[in-house]
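K.L.:
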Amino acid sequence: MKIEDDQITVLAGLRGGYTLGSPLALSIANIDNANWRDKMDPVLPPQGEAVTAPRPGHADYPGAVKYGFKDLRNVIERASARETAMRTAIGAVAKQVLESKGIEIYSRVVRLGPVEVALGTPDKDVSRRLKHTAYGTEDNQAEAKLNGLIEECRSRGTSVGGIVEVVAYGLPVGLGSYAHYDRRLDGQIAQGIMSIPGVKGVEIGCAFDLASSPPGTPGDSLVVDQYEQIAYSGNVNGGLAGGISTGQPLVVRCAVKPIPTAMPGDSIDTATLAPVTGVKERSDVTAVPAVRVIAENVLAWTLLVALLTDGPED
Numbered sequence: 002m003k004i005e006d007d008q009i010t011v012l013a014g015l016r017g018g019y020t021l022g023s024p025l026a027l028s029i030a031n032i033d034n035a036n037w038r039d040k041m042d043p044v045l046p047p048q049g050e051a052v053t054a055p056r057p058g059h060a061d062y063p064g065a066v067k068y069g070f071k072d073l074r075n076v077i078e079r080a081s082a083r084e085t086a087m088r089t090a091i092g093a094v095a096k097q098v099l100e101s102k103g104i105e106i107y108s109r110v111v112r113l114g115p116v117e118v119a120l121g122t123p124d125k126d127v128s129r130r131l132k133h134t135a136y137g138t139e140d141n142q143a144e145a146k147l148n149g150l151i152e153e154c155r156s157r158g159t160s161v162g163g164i165v166e167v168v169a170y171g172l173p174v175g176l177g178s179y180a181h182y183d184r185r186l187d188g189q190i191a192q193g194i195m196s197i198p199g200v201k202g203v204e205i206g207c208a209f210d211l212a213s214s215p216p217g218t219p220g221d222s223l224v225v226d227q228y229e230q231i232a233y234s235g236n237v238n239g240g241l242a243g244g245i246s247t248g249q250p251l252v253v254r255c256a257v258k259p260i261p262t263a264m265p266g267d268s269i270d271t272a273t274l275a276p277v278t279g280v281k282e283r284s285d286v287t288a289v290p291a292v293r294v295i296a297e298n299v300l301a302w303t304l305l306v307a308l309l310t311d312g313p314e315d
């Protein structure tokens with residue numbers, strides 16, 4: 002959440018800004034933990050009443066059933082999206098390694114609830130210029146609408162979801178595998194992005210448009226470029242074919258749901274079986290801008306692992 006201002010600490014493996022070859026150890030202390038010591042003490046019995054009103058849109062109920070918990074707080078805290086803080090930190094390291102290989106990753110918000118951002122074909126130079134903006138767009142009118150929608154949700158106590166697009170430029174041809182199902186790059190990317198809390202769908206390239214297109218709609222083509230090299234024309238497949246990279250920009254989109262904590266919904270008390278409203282925890286209005294950052298770094302880690310273990314033959 003924006004109220005959390007935790008910082009990364011490097012414990013080992015770095016000196017003067019350079020890695021030493023030893024394991025790189027990172028730590029993020031949860032400063033807010035001090036406010037929860039009475040409820041989350043690892044030794045002393047928890048203080049206060051047990052949480053028994055599960056939020057239907059969270060892991061509260063199925064998690065409690067899986068492990069036999071009577072107090073949903075055990076699930077609520079461990080299922081928190083806070084865990085993505087460290088994945089983002091690790092991904093930031095991976096991005097630096099990828100950049101040394103000429104691979105750059107950028108992202109942008111393409112939709113926030115009913116507001117769609119008019120975007121053209123992904124462009125590396127434009128993306129690089131906009132990487133530190135809130136939404137990754139230079140459409141000032143759209144940005145004003147997005148900000149207005151967030152303020153409207155904040156005033157009403159509701160939440161809004163959206164769609165994030167992440168693009169990797171400079172990938173070599175042949176990253177991944179077409180012969181091993183578990184090493185297909187599209188499968189690894191989908192798993193990584195889908196594991197981000199709140200993400201409910203992943204699209205590579207123009208997948209859903211292709212699925213609904215009329216019969217006979219052309220896809221990508223192979224041509225000879227100005228350098229007398231074989232190249233692709235078009236990129237509806239989003240830089241992947243048969244589980245391996247094509248050398249084109251890798252385009253991944255993910256659908257992010259509204260944060261259900263803001264609207265807990267109708268529920269049942271697990272102790273009394275009485276109808277209740279799910280427990281209301283503090284939350285931001287939307288996770289979409291945050292998911293934009295997280296998805297970049299999750300993709301970076303996935304691509305770095307693939308590059309080191311399943312890259313193209315020299």
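According to the numbering used here, the sequence shown is numbered sequentially starting from 2.
Quick reminder that beta carbons are idealized off the backbone N, C-alpha and C, glycines included.
Just to confirm the assignment, what range does the alpha helix (DSSP H) spanning Tyr62 have?
P.N.:
Per DSSP, Tyr62 belongs to the alpha helix (DSSP H) from Asp61 to Tyr68.
K.L.:
Alpha carbon to alpha carbon, what distance is there between Gly199 and Glu305?
P.N.:
Here residue 305 is Leu; the residue named in the question, Glu, does not match the sequence. The alpha-carbon atoms of Leu305 and Gly199 are separated by roughly 24 Å.
K.L.:
Based on Cα-Cα distance, which residue from Asp61, Gly312, Trp302 and Ala296 lies nearest to Met195?
P.N.:
Of the candidates Asp61, Gly312, Trp302 and Ala296, the one whose C-alpha sits nearest the C-alpha of Met195 is Ala296.
K.L.:
Is the CB-CB distance between Val253 and Val203 below 8 Å?
P.N.:
It is a contact, given that the beta carbons lie within the stated cut-off.
K.L.:
In whole angstroms, what separates the C-alpha of Val161 from that of Pro55?
P.N.:
Spanning the two alpha carbons is a distance of roughly 21 Å.
K.L.:
Anyone know if the C-beta pair for Ala26 and Leu45 falls short of 8 Å?
P.N.:
In this structure, Leu45 does not lie closer than 8 Å to Ala26 by Cβ.
K.L.:
Hey, could you find the ends of the beta strand (DSSP E) Glu166 is sitting in?
P.N.:
Taken as a continuous stretch (DSSP letters only), the beta strand (DSSP E) holding Glu166 covers Gly163 to Tyr170.
K.L.:
For Glu166, count neighbouring C-beta atoms within 10 Å of its own C-beta (all shown protein chains included) and say buried if the count is 16 or more, exposed if not.
P.N.:
Burial call: buried.
K.L.:
Return the bridge partner residues of Pro276 from the DSSP annotation.
P.N.:
Note: Pro276 sits in a beta bridge opposite Ile269.
K.L.:
Report the rounded CA-to-CA distance for Val110 versus Val289, giving the unit in angstroms.
P.N.:
Approximately 7 Å, taken between the alpha carbons.
K.L.:
Kindly indicate which residue of Arg74, Ile106, Phe70 and Pro63 has the alpha-carbon position closest to the one of Thr303.
P.N.:
For Thr303, the nearest C-alpha among the options comes from Ile106.
K.L.:
According to the neighbour-count rule (16 or more other Cβ atoms, all chains shown, within 10 Å of its Cβ), is Ala135 buried or exposed?
P.N.:
Exposed: under 16 other Cβ atoms inside 10 Å.
K.L.:
Quick one: Cα of Gly14 to Cα of Glu100, how far?
P.N.:
Near 20 Å, if we compare the C-alpha coordinates of Glu100 and Gly14.
K.L.:
Determine the DSSP secondary structure at Gly175, reduced to helix, strand or coil.
P.N.:
Strand at Gly175.
K.L.:
How many Å lie between Asp267 and Val277 at the Cα?
P.N.:
Between Asp267 and Val277, the C-alpha separation is close to 6 Å.
K.L.:
In whole angstroms, what is the alpha-carbon distance linking Pro115 and Glu78?
P.N.:
Cα to Cα, Pro115 sits roughly 31 Å from Glu78.
K.L.:
Can Glu139 and Leu131 be called in contact, C-beta distance under 8 Å?
P.N.:
In contact: Glu139 and Leu131 (Cβ atoms closer than 8 Å).
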